[in-house]
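Single-structure report; data block below.
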Amino acid sequence: MSKQPLGTLGSALVPSVLAARLEAHGDAQRAFRSARRAFIDGARIDMGALASSLGVDRTSLFRWVGNRDQLLSEILWSLAVPTLDAAGRAASPAGAARIVDVLDHFTADLIRAPYFRAFLTREPSRALRLLTTTDSDVQRRFVAVVATVISAEQEAGTFDPAPLSAEELARLLVRVSESFTYADLISGDTPDPARARATFEYILRP
Numbered sequence: 001m002s003k004q005p006l007g008t009l010g011s012a013l014v015p016s017v018l019a020a021r022l023e024a025h026g027d028a029q030r031a032f033r034s035a036r037r038a039f040i041d042g043a044r045i046d047m048g049a050l051a052s053s054l055g056v057d058r059t060s061l062f063r064w065v066g067n068r069d070q071l072l073s074e075i076l077w078s079l080a081v082p083t084l085d086a087a088g089r090a091a092s093p094a095g096a097a098r099i100v101d102v103l104d105h106f107t108a109d110l111i112r113a114p115y116f117r118a119f120l121t122r123e124p125s126r127a128l129r130l131l132t133t134t135d136s137d138v139q140r141r142f143v144a145v146v147a148t149v150i151s152a153e154q155e156a157g158t159f160d161p162a163p164l165s166a167e168e169l170a171r172l173l174v175r176v177s178e179s180f181t182y183a184d185l186i187s188g189d190t191p192d193p194a195r196a197r198a199t200f201e202y203i204l205r206p
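In structure tokens form, the structure reads like this:
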């Protein structure tokens with residue numbers, strides 16, 4: 001594996017079933033774009049209302065974009081990709097500092113994103129299920145991205161994750177990111193980007 005270039009972190013992902021369908025079907029893309037715009041605007045995604053706005057029945061909509069959870073997961077990841085890419089461009093060039101910076105920028109941006117906080121407030125239980133469980137497409141892809149960053153530094157000789165593998169360390173770091181990003185839902189604490197960064201630095205210290 002070559003070292004991951006700046007600005008392409010979001011492309012290091014595990015595709016979902018819906019992602020493949022979106023690439024192949026124009027109607028699915030149209031429905032997805034409409035739902036994504038509504039989500040960014042802070043609206044709750046309602047499958048019945050979305051089908052009506054597109055002039056189709058619910059059966060067609062479900063055939064195009066799957067169920068509501070699948071659609072929301074794909075929207076969430078589509079918004080995470082540019083955030084991860086921006087984190088990669090802003091990060092230090094190499095070593096543990098780069099890994100810390102990627103996680104720090106991404107976690108801080110999620111904590112501060114109004115549309116994302118609105119979703120967490122509006123549907124907290126669903127949000128945690130879609131974002132933080134082992135069945136989550138979003139978490140699976142986030143772990144893949146972080147593992148790619150770690151592996152690139154390991155292969156470049158600028159970071160050694162031992163005694164963990166790159167994927168094991170990625171899962172740990174993603175869990176830390178989640179614990180701070182969703183602190184208000186998990187423990188009632190205020191999400192704190194500074195404390196998240198300090199924790200990443202502690203885990204990855206030499």
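Numbering (UniProt numbering), first residue to last: 1 to 206.
C-beta atoms are modelled at their ideal positions from N, C-alpha and C, and glycine is treated no differently.
Note that the structure is predicted; figures quoted are calculated from it, not measured.
For residue i, name the three-state secondary structure that DSSP assigns.
{"i": "Glu123", "result": "coil"}
{"i": "residue 258", "result": "Residue 258 is absent from the model: the chain starts at 1 and stops at 206."}
{"i": "Thr59", "result": "helix"}
{"i": "Tyr115", "result": "helix"}
{"i": "Pro93", "result": "coil"}
{"i": "Arg44", "result": "coil"}
{"i": "Pro5", "result": "In this prediction, Pro5 has a pLDDT of 46, which is less than 50 and means its spatial position is unreliable; nothing more can be read from the coordinates."}
For residue i and residue j, what's the separation of their Cα atoms in angstroms?
{"i": "residue 253", "j": "Val102", "result": "No answer is possible for residue 253: the residues shown for the chain start at 1 and end at 206."}
{"i": "Ala118", "j": "Gly42", "result": "6 Å"}
{"i": "Ala94", "j": "Asp160", "result": "12 Å"}
{"i": "Glu123", "j": "Arg68", "result": "13 Å"}
{"i": "Asp109", "j": "Ala196", "result": "12 Å"}
{"i": "Asp137", "j": "Leu79", "result": "13 Å"}
By a C-beta neighbour count over all protein chains shown, 10 Å radius and 16 as the cutoff for buried, is residue i buried or exposed?
{"i": "Glu23", "result": "exposed"}
{"i": "Pro191", "result": "buried"}
{"i": "Leu164", "result": "exposed"}
{"i": "Asp189", "result": "exposed"}
{"i": "Ser177", "result": "buried"}
{"i": "Ala20", "result": "exposed"}
{"i": "Tyr202", "result": "exposed"}
{"i": "Ala49", "result": "exposed"}
{"i": "Val65", "result": "buried"}
### Contact between the region 32 to 42 and the region 71 to 82 (3+ Cβ pairs under 8 Å)
yes
### Message
Taking contact to mean 3 or more Cβ pairs, one atom from each stretch, closer than 8 Å, check whether the region 81 to 88 and the region 45 to 59 are in contact.
### Response
no
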